[in-house]
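Student: Got a structure here, written out as structure tokens. Questions coming.
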Amino acid sequence: MLTQTPKGTKDILPSESYKWQFIEKKIHQVCRIFGYKEIRTPVFEHTELFQRGVGDTTDIVQKEMYTFLDKGDRSITLRPEGTAGVVRSYIEHGMSSLPQPIKLYYNISAYRYEKMQKGRYREFHQFGVEAFGAKGPDIDVEIISVLGFLFKSLGIKNVGLNINSIGCPVCRKAYNEKITEFLRPHLDKMCPTCNERFGKNPLRIIDCKEEKCKKITVDAPSMLDNICEECGTHFEGLKAGLDNIGIAYNIDKNIVRGLDYYSKTVFEFVSENVGAQGTICGGGRYDGLVESCGGPSTPGIGFGLGMERLLMEIESQGILIPDEDSVEIYISSIGEAAGKYASKLVNSLRENGISAGKDLMDRSVKAQMKYADKLGAKYTVVLGDDEINNNKVVLKNMKNGEKDEISLDSLCQEIINRR
Ligand SMILES: [Zn+2]
Ligand SMILES: [Zn+2]
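Just so you know, the sequence shown maps onto residues 100 to 518 in my numbering.
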């Protein structure tokens with residue numbers, strides 16, 4: 100136990116962390132281009148926030164939260180997703196009185212006590228974007244476009260966009276009655292979860308993955324065919340906006356999303372690569388959420404993208420992420436005087452922004468070179484008294500073995516020139 104991570108968690112080792120850094124860098128770049136600012140909220144919040152903000156009827160709240168009493172007897176929960184904390188912050192800091200829309204993004208760890216399966220972790224990581232205050236479909240288009248840009252900048256191909264509308268409280272009320280009547284005669288043939296949802300949130304039954312339930316819901320009336328005029332206009336605006344900037348999409352009437360607070364636009368990006376497993380990320384509009392968490396009535400929309408899922412997609416598409424962390428130059432040295440000189444040289448290389456290394460273990464030159472090779476150093480030099488006295492050194496390219504004699508003084512400039 101002592102030397103193992105808890106079930107559902109894992110270390111991100113240096114052999115992987117450079118990939119995370121690469122993706123995070125792209126995320127910051129894309130968000131900057133779109134004018135989204137980073138927000139960092141606490142890892143834990145009051146439990147009530149998630150009960151309200153994620154929804155009492157969801158699996159997350161009912162089964163999957165890490166909830167505990169702190170030493171002051173307060174019920175605390177590790178965040179199971181990112182949106183609720185951001186909504187709390189929007190309300191707490193009165194962001195509704197700032198110029199709207201408020202456009203935020205986050206890159207967080209989140210926690211769910213989930214059944215173990217491939218690619219699922221109890222501590223997982225999520226990139227998410229939230230925009231508050233804009234009612235019309237233009238912001239829906241922008242949010243979707245953020246993801247399109249991110250996928251493109253990462254070289255991810257063959258990702259399809261599916262969109263749907265799940266209506267507003269007005270049209271959903273009428274629809275719930277309709278689908279309730281449709282489902283009632285079939286309930287005994289449906290799974291226990293669907294039976295539970297029947298009274299509380301029948302729309303979610305459309306989302307059930309069980310074959311026997313799917314067989315029944317395939318003929319069920321769809322939400323999209325029953326949305327009100329306002330929701331219909333919004334959905335038409337979304338489609339027109341996507342067409343306008345050339346984003347392709349399919350309409351998928353079966354997307355309902357797992358969380359209670361969505362309204363109108365919902366969307367998913369799915370991998371169309373053979374052998375890949377479906378949804379990469381999803382999001383949607385949540386116009387009632389801020390109000391139901393105790394804030395002013397405020398429209399909102401966002402998405403969450405699982406970093407683990409994104410990495411799986413990158414790997415399955417064979418995309419190579421450059422390891423920019425490898426040492427650019429390793430200075431081997433022979434003897435004490437050269438060792439001291441090497442320390443100064445490495446220091447000055449580093450001051451010039453060059454990743455440089457030297458012996459720290461009193462190794463032989465041969466062992467130093469072997470170590471430099473293992474580090475993946477791009478260049479090496481061997482420094483002895485002669486090299487220092489003659490101001491000449493042989494720069495070796497470790498990839499192709501090429502050697503060039505250069506003056507020691509110009510080493511720094513030479514490395515920069517060769518980038
Ligand atoms: Zn509606
Ligand atoms: Zn079911």
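By construction, the Cβ of each residue, glycine as well, lies at the ideal position given by its N, Cα and C atoms.
Flag this pair as yes or no: are the beta carbons of T146 and S174 separated by less than 8 Å?
Tutor: Closer than 8 Å, so yes.
Student: Looking at G154 and Y348, is the spacing between their C-beta atoms short of 8 Å?
Tutor: Cβ distance not < 8 Å, so Y348 and G154 don't count as in contact.
Student: C307: beta carbon under 7 Å from a heavy atom of ligand 2?
Tutor: Yes, ligand 2 has a heavy atom inside 7 Å of this Cβ.
Student: Cβ of C392 within 7 Å of any heavy atom in ligand 2?
Tutor: The answer is no for C392.
Student: Is G152 helix, strand or coil by DSSP?
Tutor: DSSP places G152 in helix when its eight states are reduced to three.
Student: Indicate, with yes or no, if ligand 2 has a heavy atom lying under 7 Å from the CB of T292.
Tutor: True, at least one ligand heavy atom lies under 7 Å from that Cβ.
Student: Closer than 6 Å is what we want: which residues have a beta carbon that near any heavy atom of ligand 1? List them in chain order.
Tutor: Selection output, chain order preserved: G266, C267, V269, C270, I326, C327, E329, C330.
Student: Ignore the nearest five residues each way along the sequence and tell me which others in I190's own chain have a CB closer than 7 Å to its CB.
Tutor: Excluding positions up to five away in sequence, the list reads V389, C392, G393, G394.
Student: Which first and last residues belong to the alpha helix (DSSP H) in which T397 is found?
Tutor: Here T397 belongs to no alpha helix (DSSP H), and DSSP marks it neither H nor E.
Student: Buried or exposed: where does F368 fall if 16 or more other Cβ atoms within 10 Å of its Cβ makes it buried?
Tutor: The residue in question, F368, is buried, as its Cβ has 16 or more Cβ neighbours within 10 Å.
Student: Would you mind reading off the limits of the alpha helix (DSSP H) that contains D422?
Tutor: First-last for D422: undefined, no H or E at that position.
Student: Would the region 479–493 and the region 430–439 be scored as touching if the rule is three or more Cβ pairs under 8 Å?
Tutor: Contact holds: three or more Cβ-Cβ distances are below 8 Å.
Student: Would you be able to state if there are at least three C-beta pairs under 8 Å between the region 119–134 and the region 262–281?
Tutor: No, the region 262–281 does not touch the region 119–134.
Student: State yes or no: is the C-beta of C312 nearer than 7 Å to some heavy atom of ligand 2?
Tutor: Because some heavy atom of ligand 2 lies under 7 Å away, the Cβ of C312 counts as near it: yes.
Student: Would you decide whether G406 is buried or exposed? Buried here means 16 or more other CB atoms lie within 10 Å of its CB.
Tutor: Per the sequence shown, the amino acid found at residue 406 is Met instead of Gly. Its Cβ being crowded by 16 or more others within 10 Å, M406 is buried.
Student: Decide yes or no for the touch test of the region 334–347 against the region 224–241: beta carbon pairs closer than 8 Å, at least 3 of them.
Tutor: Because the criterion of three Cβ pairs below 8 Å is met, the region 334–347 and the region 224–241 touch.
Student: Please go through the same chain and pick out, in chain order, the residues whose beta-carbon is closer than 7 Å to the beta-carbon of Y220, but skip the five residues on each side of it.
Tutor: Cβ neighbours of Y220 beyond the five flanking positions: G107, T108, K109, E407.
Student: Check whether the region 490–505 touches the region 438–453, taking contact to mean three or more Cβ pairs, one atom from each stretch, closer than 8 Å.
Tutor: Flag = no, the region 490–505 and the region 438–453 do not touch.
Student: Taking the CB atoms as reference points, tell me whether E137 and Y210 lie closer together than 8 Å.
Tutor: Not a contact, by the Cβ cut-off of 8 Å.
Student: Pick helix, strand or coil for L507, following the three-state DSSP scheme.
Tutor: Correct three-state label for L507: helix.
Student: Would you mind working out which of L253, A230, D306, V464 sits nearest I242, comparing C-alpha positions?
Tutor: Of the candidates L253, A230, D306, V464, the one whose C-alpha sits nearest the C-alpha of I242 is A230.
Student: Please determine whether the Cβ atom of M289 lies at a distance below 7 Å from any heavy atom of ligand 2.
Tutor: Checking the Cβ of M289 against ligand 2 gives yes.
Student: Between S431 and ligand 3, is there a pair consisting of the residue's CB and a ligand heavy atom that are separated by less than 7 Å?
Tutor: Inclusion of ligand 3 in the displayed structure is not the case, the ligand content consisting of ligand 1 and ligand 2 alone.
Student: For C290, write down the residues that DSSP places opposite it in a beta bridge.
Tutor: DSSP output for C290 lists no bridge partner at all.
Student: Does the pairing of the region 295–303 with the region 329–338 give three or more beta-carbon distances under 8 Å?
Tutor: These segments do not touch.
Student: Taking the straight line between their C-alpha atoms, what separation do you get for G181 and Q161?
Tutor: Using only the alpha carbons, I get a separation of about 17 Å.
Student: According to DSSP, is C267 helix, strand or coil?
Tutor: Of the three classes helix, strand and coil, the one that applies to C267 here is coil, per DSSP.
Student: Taking its Cβ as the centre, do 16 or more other Cβ atoms sit within 10 Å of N206, making it buried, or is it exposed?
Tutor: Under this definition N206 is a buried residue.
Student: Using 8 Å as the threshold, is the region 409–424 in touch with the region 108–127, meaning 3 or more CB pairs across them?
Tutor: Yes, the region 409–424 is in contact with the region 108–127.
Student: Which term fits E310, buried or exposed, when burial requires 16 or more other beta carbons within 10 angstroms of its beta carbon?
Tutor: Exposed, by the Cβ-count rule.
Student: Which residue's Cα is closest to the Cα of G345: N263, G184, L323, F248?
Tutor: The shortest Cα separation from G345 among N263, G184, L323, F248 belongs to F248.
Student: Comparing alpha-carbon positions, which option in I379, L459, V426 lies nearest S415?
Tutor: Among I379, L459, V426, the Cα nearest to that of S415 is on I379.
Student: Helix, strand or coil: how does DSSP classify H285 here?
Tutor: In this structure, H285 counts as helix in the three-state DSSP scheme.
Student: Which residues does DSSP pair with Y478 in a beta bridge?
Tutor: Answer is I428, N496, bridged to Y478.
Student: By alpha-carbon positions, which one of D351, G336, I255, C307 ends up nearest to I265?
Tutor: The shortest Cα separation from I265 among D351, G336, I255, C307 belongs to D351.
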